[in-house]
Structures are given as structure tokens and as C-alpha cells.
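Counting from 1, one number per residue, gives the positions in the sequence shown under the UniProt record's numbering.
Below is one structure; the comments refer to it alone.
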Amino acid sequence: MATKSGKDLIQLVNELQDKLNGLGVESLAIDLPQIAVIGGQSAGKSSVLESFVGRDFLPRGSGIVTRRPLVLQLIHNKHNTESYGEFLHVPNKRYANFAEIRDEIVAETDREVRDSTGISAKPINLRVTSPDVLDLTLVDLPGMTRVPVGSQPRDIESLIETMLLEYIRRDNCLILAVTAATQ
């Protein structure tokens with residue numbers, strides 16, 4: 001009987017994750033391996049995530065910019081020289097322009113979270129295929145905050161904390177804690 005290599009196993013896990021999400025079953029039901037990127041608001045989490053991909057593609061700004069979890073599957077493909085992204089919620093469309101990926105993340109966030117200061121636990125699933133990435137699954141989560149700013153919900157701290165705990169308490173989750181270099 002042939003055994004599967006680690007790379008084959010990662011591909012199998014990624015396919016399983018896609019199928020479950022396509023059926024509306026969040027990956028919370030099965031503890032799939034992933035790296036959760038956490039830290040305070042504007043701590044540099046997006047910059048760290050983008051360094052794994054080697055491209056700028058995440059929304060930027062002040063306050064809560066990441067308002068939904070972004071499950072980022074990186075797929076190494078040494079046979080393809082082009083890098084592209086695919087969203088689970090936009091079937092059969094490849095995004096070769098990473099600025100369009102950023103725009104779609106913003107648009108999909110706004111479709112789910114009407115209020116620009118609110119958050120949602122419903123993840124956005126993005127797969128980036130490239131010869132320049134490692135096979136990894138990363139999760140970008142909203143930055144932790146203690147005090148609501150402007151029209152943010154009064155319980156924003158507990159909402160974000162609950163969302164973070166959903167991911168980081170899993171046995172197969174590695175936590176990548178990011179803090180601003182100025183702190």
C-alpha cells in the first residue's frame with residue numbers, strides 16, 4: 001500500500017476544507033490544521049500575512065479593517081509561473097490582479113457586514129496558488145481592541161474575543177501573535 005507524502009496530505013486537507021465550506025459547514029466542525037494570526041488593531045498582521053504570499057492584497061486602513069475572518073489557503077504550484085487567487089464565494093473565477101483580490105475582500109465583507117464598524121464571524125475563503133508560496137492555511141482575524149471607537153458596538157471587545165477564541169482554542173491551530181514594533 002502506498003503512503004501519502006506530507007504534501008499530498010496538505011492537498012487533501014485543503015480539498016476537504018473547500019468541500020465543507022461549499023456545503024455551508026464551517027471548518028470548525030473538523031479541526032483542520034491552520035495558523036491563526038492575531039494581535040491588536042493596526043499591529044501589522046496584514047503585513048505579516050502578505051509576506052507569506054509576497055504580494056500586497058489585504059485591505060488597509062485605521063480602526064477595524066479586518067471585520068471577518070479570512071481563511072487563506074496557500075497552494076504551492078511549481079508547474080505554473082502565474083500567481084492567482086480564487087474565492088469560494090465566486091466560483092470559477094481566477095484573480096490574477098491582486099488589487100482585485102483586495103477589492104473583492106472589501107466587497108464581500110460589506111455584503112455580510114452592512115455597518116462599516118461591525119464584524120461577522122462568517123469567514124471569507126481565499127485560495128492563492130503560486131510557485132512562490134508554501135502549502136499553508138492561515139487565518140487573518142480582526143484585531144483585538146478594548147474600547148469601542150465611534151459607532152463600533154459597545155461589546156466589540158467581547159465579540160472579537162469570542163471570535164478569536166473560536167479559532168485559537170483548536171488543538172490543530174498554531175497561534176502567530178503579532179505586536180507592533182513600536183510597543
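In this text, a Cβ means the ideal position worked out from N, Cα and C, and glycines have one as well.
Out of Leu176, Leu126, Arg170, which has the shortest C-alpha to C-alpha gap to Glu15? By alpha-carbon distance to Glu15, the top candidate from Leu176, Leu126, Arg170 is Leu126.
Inter-residue spacing [alpha-carbon to alpha-carbon] between Asp110 and Lys78: So the alpha carbons of these two residues sit roughly 35 Å apart.
Can you name the start and end residues of the alpha helix (DSSP H) that Val53 belongs to? Boundaries of the alpha helix (DSSP H) harbouring Val53: 45-53, taken from the DSSP string.
Ser27 classed as buried or exposed, judged by whether at least 16 other C-beta atoms fall within 10 angstroms: With a pLDDT of only 46 at Ser27, under the threshold of 50, the placement of this residue in the model should not be trusted; the figure read from the coordinates follows. The residue is buried, with at least 16 neighbouring Cβ atoms inside 10 Å.
What does the alpha-carbon distance come out to for the pair Glu82 and Leu136? A direct Cα-Cα distance of roughly 18 Å separates Glu82 from Leu136.
Tell me which same chain residues have a C-beta within less than 6 Å of the C-beta of Gln41, skipping the five on either side of it? Sequence-distant partners of Gln41 (beyond 5 residues in either direction) whose C-beta falls short of 6 Å from its own C-beta, in its chain, are Gly143, Thr145.
Bridge partner(s) assigned by DSSP for Ile35: Residue pairing by DSSP places Ile35 opposite Leu138, Leu174 in a beta bridge.
Among Gly44, Val71, Val53, the one whose alpha carbon lies nearest that of Gly61: That would be Gly44, whose Cα lies nearest to the Cα of Gly61.
Out of Ile160, Gly39, Val128, which has the shortest C-alpha to C-alpha gap to Val178? Across the set Ile160, Gly39, Val128, the C-alpha of Gly39 shows the shortest separation from the C-alpha of Val178.
Span of the alpha helix (DSSP H) around Thr109: Element bounds for Thr109: 98-112.
Rounded C-alpha distance that separates Leu164 from Lys93: Leu164 and Lys93 have their C-alpha atoms spaced approximately 30 Å apart.
Whole-angstrom distance between Glu104 and Val90, CA atom to CA atom: Whole-angstrom Cα-Cα distance: 9 Å.
Return yes when the Cβ of Thr129 is within less than 8 Å of the Cβ of Gly150, no when it is not. No, these two residues do not count as a Cβ contact at 8 Å.
Tell me whether Asp140 is buried or exposed, calling it buried when 16 or more other Cβ atoms sit within 10 Å of its Cβ. In this structure Asp140 is buried. Its beta-carbon is surrounded by 16 or more other beta-carbon atoms within 10 angstroms.
Near residue 184, which residues of its chain fall below 7 Å by C-beta distance, leaving aside the five closest residues on each side in sequence? It is not possible to answer for residue 184, since the shown part of the chain is limited to 1 through 183.
Alpha helix (DSSP H) containing Thr182: first to last residue? Where Thr182 is concerned, there is no enclosing alpha helix (DSSP H), given that its DSSP letter is neither H nor E.
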